[in-house]
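Asker: Line by line, the protein sequences are chains A and B. Each residue of the first sequence is one higher than the one before, counting from 11 in my numbering. Each residue of the second sequence is one higher than the one before, counting from 11 in my numbering. Think of the CB as a built atom: it goes at the ideal place given N, C-alpha and C, for glycine as much as any other residue. All values derive from a computational prediction rather than experimental measurement. Have a look at the structure that comes next, please.
2 protein chains.
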Amino acid sequence: MRFALDRESGTPLYQQIEAYFRAGILSGSFLPEARLPASRQLARDLGVNRMTVETAYANLESDGLVYFKVGSGTYVLPPPVLALPVKDNAQALFPAWQQTLQLPLSFSDETLAAPAGADLIRFAVGSGDPGLFPLDAMRKILQTVMRRDGVSALGYGDLYGYAPLRATISHVLANQGIQARPENILITSGSQQAIALAAQLLLREGETVLVESPTYGGALDLFRKLRLRVVGVPVDGNGMQVDGLDALFEQVRPRLIYTMPNFHNPSGVCLSNQRRHELIALAGRHNIPILEDDYVGDLRYDGHAQPALKALDPGGQVIYVSTFSKMLMPGLRTGFLVAEGPVFENLAQGKRATDLAASNLIQRAVEGYVTVGRYQAHLRRSCQLYKSRRDAMLAALRRYLPRDVQFIASRGGLFLWLQLPDGLTAEQLLPIAREQGVDFASGPGFFPNRADGANFLRLNFAAFHREQINEGVRRLGQAIGQVRK
Amino acid sequence: MRFALDRESGTPLYQQIEAYFRAGILSGSFLPEARLPASRQLARDLGVNRMTVETAYANLESDGLVYFKVGSGTYVLPPPVLALPVKDNAQALFPAWQQTLQLPLSFSDETLAAPAGADLIRFAVGSGDPGLFPLDAMRKILQTVMRRDGVSALGYGDLYGYAPLRATISHVLANQGIQARPENILITSGSQQAIALAAQLLLREGETVLVESPTYGGALDLFRKLRLRVVGVPVDGNGMQVDGLDALFEQVRPRLIYTMPNFHNPSGVCLSNQRRHELIALAGRHNIPILEDDYVGDLRYDGHAQPALKALDPGGQVIYVSTFSKMLMPGLRTGFLVAEGPVFENLAQGKRATDLAASNLIQRAVEGYVTVGRYQAHLRRSCQLYKSRRDAMLAALRRYLPRDVQFIASRGGLFLWLQLPDGLTAEQLLPIAREQGVDFASGPGFFPNRADGANFLRLNFAAFHREQINEGVRRLGQAIGQVRK
């Protein structure tokens, strides 16, 4: 053990040692029944006489903070009932450089910080149903990986990502119409990190990123934190409105287009085939990279699949980003990006500078799971179940909500997107809804211009049983009725 | 399956489908024996007539790319010997925005990219001995966590990090003289991410960060990538030279001081007690935050422990960063930071924007391992072993290297730092050393001004057996002899 002694101060060393343990015990840093270091060892560590340490321990004992066990050592007693106040963050006077730090309103706070309540139906969540996740299979695969790979499962591993996982992703993507070579795939800590790497590489402070309006709140948080200018393009039932883009490009000179062409978050719409071709052509003409976020591209319940923008890429124009978070489990933190050309190596180096590499063990486990064909089966099962839940939510919305609340039936993904009538805002509704035992993701967090989202809210249908969906939407209907009274 | 069909082009749809699979099979995206989608399903996915798909498949078969199995489906044949050339990254013409991307020389490339060779002794590595890691214990703990926590082990979890792990770290730190409340601890993806978060928050492009010269190459990479101005302060046997700092602060106005006071990487020296107090006082007076990187603080083999800068922090001045990568395994990617005041919440939000959260499963496993007291035992074992290896390397250096190669005996950590005599550079030596079967981390990658490092090199003693150490240093001695001939 080491801690600071001040040999120049007037305070005797034994008192300094005593004070250190006293503060630690009272603040809870040293737990009851924790053993203090042997006096001989501590004396050596601190470079003091052993008697000095023993005097300090004796004083702590007489104050009822520790006790001696003969032949064993010195142990912490449970804290006295009247513990001393611990230094409080809020009251401390922090250095001047800390006073200038400002904290922007964060999407995740708004979306996730519901008050704890046993019965709250949390339609605000952003992931699929964890109950679907094949825990047992994953547990066994983890065991297999640990036995098979030993310490190599826990080293840094390949800085681009575990090579067999990159090959596996290449095959998964081939099934989705994207021909990506493993050398062009970089494993990231979720798709969030992939978006962060691209934005950090391609834009500098004050430059413009073009997004759909609305868009994923976590991306907005990120872009704002990087002090970028965020310009929104309106979305309709066919996705991003591509019509005015030519003029807009000239006007705002974006350095990046961030888009979710499939089951767009939060609206659930898909970009039409024609617009996909137009967007690619326009971006090429204006020399603007496209960041395609395909976070749930495979969770389709109706209609025909559209080609990914990446599949239309004439070469090096599109950075494609996806993740296993929505399909499997978010805690795996395993996403990836696909890019060709100099940008790929730049992104890989950015990854290294940010956190060196992704967890090697988890990558190996994901690879094991996907390779044995369980992934495709899991996906089919998820689609079947989520489709029925979407239908249940649509039925409940028609049953319990007033006619003037609008919504589109998403053809895939996790969410339904609702528009409240004029005069009724999500902000008004949320506290009442929570009282009724249901929550939702409020519109403003999804819009570059927050005010545009006042009337909107997002509901997750994928993570809930039909009964919960029915009950949750019923409560939402009640809450709307109550606000209108 | 979905991929792009162009209905406006002159090419018939069946030929487009055929071309898609042909390219995929020849490039290896579709593996031999992979099953193509059933024609009925693919026709539905693509919105075409089933006959169109079957025509495409028949053409692929007559070209020897696939075969039919009656009652089963269409399968990919092994690729023909003369595969078509695949689109090559180097030759493709990438968009203009890609041409402007420049790739800086990266520390990790220089340090880690040794040519593969069975017999190469890789003194360049940056971690401890993976053979020490208690694999079986960790495997069992992973099982326990999966069984005990189920899906909650694989969800996003607490965005600040798994709460019991933060409490455990608080106790570990109390033993190192740092009293940190769990609420002031943020779990990160290794210490690299903690450094990245602090730098991104506290500095803007062009602003100045002060580092030791030499310093950790991964931090230099990061700071350069963020386009910061990096100013180095010389290091001697007592660590960073604090004397001239007052004037230097006035001159370059740094926004952050990045320092490794314990077993500094690469030099292995410790900042003296007196300089610790001076540095804290100076930084406080000039209102400059300190980022303390305590990457191997507990791996001490001789001498007395010095207090961490964090332990001397008058309040909110020091951001403390550490990791389990060096003590346990780097692949765990589990580091943490400690900070008080507004900066803490800002760093936490930065973490969220970058990658949402650290792997929940791994955090739970680390917590399980540390809590049951195995961590302290592991640390004692590591110190004992590494000390004997350091001594073995010192003996070998005295035996095999010419007298004019200088080095300091580090009192802890993983590395020894060598200075070659004038006229002999690490750059000259490295290729010859590799031919002899040994490598090292070259000096220039550790210096803000690369030229300052021409005569230096870093050797890792911790990851090698005594015989390897002896043999490796012997080879190094031979290489030096050879260069001098």
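Does Y166(A) come within less than 8 angstroms of chain B when only Cβ atoms are used?
Answerer: Cβ-Cβ to chain B under 8 angstroms: yes for Y166(A).
Asker: By the 10 Å Cβ neighbour count, where 16 or more other Cβ atoms means buried, how is P431(A) classified, buried or exposed?
Answerer: So P431(A) counts as exposed.
Asker: Can you tell me whether DSSP reads Y226(B) as helix, strand or coil?
Answerer: Here Y226(B) sits in coil by DSSP.
Asker: Return yes when at least one heavy atom of the ligand MN lies under 7 angstroms from the C-beta of V155(A), else no.
Answerer: Absence of the ligand MN from the depicted structure is noted, as is the absence of any ligand whatsoever, leaving it without description.
Asker: Please classify N69(A): does DSSP put it in a helix, a strand, or coil?
Answerer: Reduced to three states, the DSSP call for N69(A) is helix.
Asker: Kindly indicate which residue of L426(A), F259(A), S335(A) has the alpha-carbon position closest to the one of G138(A).
Answerer: Checking every option, the nearest Cα to that of G138(A) belongs to S335(A).
Asker: Output the distance between the C-alpha atoms of L46(A) and R60(A), rounded to the nearest integer angstrom.
Answerer: Taking the straight line from one Cα to the other gives about 14 angstroms.
Asker: Which one or two residues does DSSP pair with P244(B) in a beta bridge?
Answerer: Its beta-bridge partners are S223(B).
Asker: Counting only the same chain and skipping the five closest in sequence on each side, list residues whose C-beta sits under 7 angstroms from that of R374(B).
Answerer: So the list reads V155, D159, A163, Y172, once near-sequence residues are dropped.
Asker: Comparing alpha-carbon positions, which option in Y379(A), L434(A), G326(A) lies nearest T344(A)?
Answerer: Among Y379(A), L434(A), G326(A), the Cα nearest to that of T344(A) belongs to Y379(A).
Asker: Would you call F466(B) buried or exposed, if buried means 16 or more other Cβ atoms sit within 10 Å of its Cβ?
Answerer: Classification for F466(B): buried.
Asker: Output, in sequence order along the chain, the residues in the region 35 to 59 of chain B whose CB is closer than 9 angstroms to any CB in chain A.
Answerer: Flagged, chain order: S37, G38, S39, F40, L41, A44, P47, R54, D55, L56, G57.
Asker: In the region 310 to 392 of chain B, which residue ranges form an unbroken alpha helix (DSSP H) of at least 4 residues, counting only runs that do not cross its ends?
Answerer: Listed in chain order, they are 319 to 322, 352 to 365, 370 to 381.
Asker: Is the Cβ-Cβ distance between A44(B) and V86(B) less than 8 angstroms?
Answerer: Yes, they are a contact pair.
Asker: According to DSSP, is G482(A) part of a helix, a strand, or is it coil?
Answerer: G482(A): helix per DSSP, three-state reduction.
Asker: Which bits of chain B does V353(A) rub up against, with CB to CB less than 7 angstroms?
Answerer: The answer, in chain order, is Q108, L111.
Asker: Is there contact between the region 231 to 242 of chain A and the region 352 to 363 of chain B, where contact requires at least three CB pairs shorter than 8 angstroms?
Answerer: Contact holds: three or more Cβ-Cβ distances are below 8 angstroms.
Asker: Using the rule of at least 16 other Cβ atoms within 10 Å of the residue's Cβ for burial, across every protein chain shown, is H475(A) buried or exposed?
Answerer: Exposed: under 16 other Cβ atoms inside 10 Å.
Asker: Check the Cβ of M156(B) against every Cβ in chain A and list those closer than 8 angstroms, keeping chain order.
Answerer: Simply L145, M148, R149, L152.
Asker: With a CB to CB cut of under 8 angstroms and the five nearest residues on each side skipped, what residues in its chain are close to L211(A)?
Answerer: So the list reads V353, N356, L357, G360, once near-sequence residues are dropped.
Asker: So what's N99(A) in DSSP terms, helix, strand or just coil?
Answerer: Residue placement at N99(A) cannot be trusted, given a pLDDT of 48 that sits under 50; what the coordinates show is reported in the next sentence. In the structure shown, N99(A) sits in coil (DSSP, three-state: anything other than H, G, I, E or B).
Asker: Does any C-beta atom of chain A lie closer than 8 angstroms to the C-beta of L103(B)?
Answerer: Chain A contact via Cβ: present.
Asker: Under 8 angstroms between C-beta atoms, does A315(B) make it to chain A?
Answerer: At least one chain A Cβ lies under 8 angstroms of A315(B).
Asker: Look up L36(B) in the DSSP assignment and say whether it is helix, strand or coil.
Answerer: If DSSP states are grouped into helix, strand and coil, L36(B) belongs with the helices.
Asker: Using the Cα positions of L111(A) and G463(A), report the straight-line distance between them to the nearest angstrom.
Answerer: Computed Cα separation, rounded: 27 angstroms.
Asker: What's the call for A461(B), buried or exposed, on a 16-neighbour Cβ count within 10 Å?
Answerer: Classification for A461(B): exposed.
Asker: Kindly indicate if chain A contains any beta-carbon less than 8 angstroms away from that of L94(B).
Answerer: Caution applies to L94(B), whose pLDDT of 41 falls short of 50 and renders its modelled position unreliable; the value that the coordinates give is listed next. L94(B) does not count as touching chain A.
Asker: As a quick exercise: from T21(A), T381(A), L75(A), V76(A), pick the residue whose alpha carbon is nearest that of A177(A).
Answerer: It is T381(A) whose Cα lies nearest to the Cα of A177(A).
Asker: At 4 residues or longer, what runs of the alpha helix (DSSP H) sit wholly inside the region 237 to 290 of chain A?
Answerer: If we require 4 residues or more, the alpha helix (DSSP H) runs fully inside the region 237 to 290 of chain A come out as 255 to 262.
Asker: Output the distance between the C-alpha atoms of C393(A) and L309(A), rounded to the nearest integer angstrom.
Answerer: Taking the straight line joining both Cα atoms gives about 6 angstroms.
Asker: Could you check where the alpha helix (DSSP H) with K150(A) kicks off and where it finishes?
Answerer: That run of the alpha helix (DSSP H) goes 145 to 159.
Asker: Excluding the 5 residues preceding and the 5 following A419(B) in the sequence, name in chain order all residues of the same chain whose CB lies nearer than 6 angstroms to its CB.
Answerer: Excluding residues within five positions, the ones whose Cβ falls inside 6 angstroms are L404.
Asker: From D16(A) to R286(B), what does the alpha carbon distance come to, in whole angstroms?
Answerer: Cα to Cα, the separation comes out at about 11 angstroms.
Asker: In whole angstroms, what is the alpha-carbon distance linking A134(B) and F425(B)?
Answerer: Computed Cα separation, rounded: 10 angstroms.
Asker: Are three or more beta carbon pairs between the region 473 to 489 of chain A and the region 293 to 303 of chain A nearer than 8 angstroms?
Answerer: Because the criterion of three Cβ pairs below 8 angstroms is not met, the region 473 to 489 of chain A and the region 293 to 303 of chain A do not touch.
Asker: Would you say L395(A) lies against chain E (beta-carbon separation less than 8 angstroms)?
Answerer: Absent here is chain E; the protein component of the structure consists of chains A and B.
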